[in-house]
Amino acid sequence: MIDLCLSELQSLPVRSGPGLVLCNPPYGVRLEQGEDLHALYRSLGDGFKRAFPGWTIAFISPDEHLAAATGLEVHSRARLVNGGLAVVLFTAILPPVSE
Numbered sequence: 002m003i004d005l006c007l008s009e010l011q012s013l014p015v016r017s018g019p020g021l022v023l024c025n026p027p028y029g030v031r032l033e034q035g036e037d038l039h040a041l042y043r044s045l046g047d048g049f050k051r052a053f054p055g056w057t058i059a060f061i062s063p064d065e066h067l068a069a070a071t072g073l074e075v076h077s078r079a080r081l082v083n084g085g086l087a088v089v090l091f092t093a094i095l096p097p098v099s100e
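Numbering-wise (this note's numbering), the sequence shown opens with residue 2 and increments by one.
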């Protein structure tokens, strides 16, 4: 099943796993790269951990530092090209909710 929605990540209800989230966050190519972008990636990581326990999270970024800012434990990396830009597909598997 594919579930599409438009919502603030922080307001999504917790979804039980397993599942897959694919994300193409901004990487600062057209935006000024700085602390605001790192804060966005931290917020994404926090939101993913809260809303998607037990899920796989996959996101693309050209910057290893931005990927690290998510706080997610990356399990795999794959080099890709997205819109003519060299990027990396980062994959993390979130732990399930402990009972």
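Virtual Cβ for every residue (Gly too), placed ideally from N, Cα, C.
Owing to the predicted nature of the structure, the values given are computational and were not obtained by experimental measurement.
So, is residue i buried or exposed, given that buried needs 16 or more other C-beta atoms within 10 angstroms?
{"i": "isoleucine 58", "result": "buried"}
{"i": "valine 98", "result": "exposed"}
{"i": "alanine 87", "result": "exposed"}
{"i": "glycine 46", "result": "buried"}
Report the rounded CA-to-CA distance for residue i versus residue j, giving the unit in angstroms.
{"i": "proline 26", "j": "glycine 20", "result": "19 Å"}
{"i": "arginine 51", "j": "serine 12", "result": "10 Å"}
{"i": "histidine 39", "j": "alanine 70", "result": "6 Å"}
{"i": "valine 82", "j": "valine 75", "result": "19 Å"}
{"i": "cysteine 84", "j": "leucine 41", "result": "Checking the sequence, you will find glycine at residue 84 rather than cysteine. Whole-angstrom Cα-Cα distance: 21 Å."}
{"i": "aspartate 37", "j": "histidine 66", "result": "13 Å"}
Below 7 Å between beta carbons: does that hold for residue i and residue j?
{"i": "alanine 68", "j": "serine 77", "result": "no"}
{"i": "phenylalanine 53", "j": "cysteine 24", "result": "no"}
{"i": "tryptophan 56", "j": "glycine 29", "result": "no"}
{"i": "leucine 95", "j": "alanine 79", "result": "no"}
{"i": "leucine 10", "j": "glycine 48", "result": "yes"}
My output table needs one value for residue i: the three-state DSSP class, helix, strand or coil.
{"i": "arginine 16", "result": "coil"}
{"i": "phenylalanine 107", "result": "Because residue 107 is not part of the residues shown, which for the chain are 2 to 100, the question remains open."}
{"i": "serine 44", "result": "helix"}
{"i": "leucine 90", "result": "strand"}
{"i": "leucine 10", "result": "helix"}
{"i": "leucine 67", "result": "helix"}
Check whether the Cβ of residue i lies closer than 6 Å to any heavy atom of the ligand ADP, and answer yes or no.
{"i": "leucine 10", "result": "Among the components of this structure there are no ligands whatsoever, and the ligand ADP is therefore not found."}
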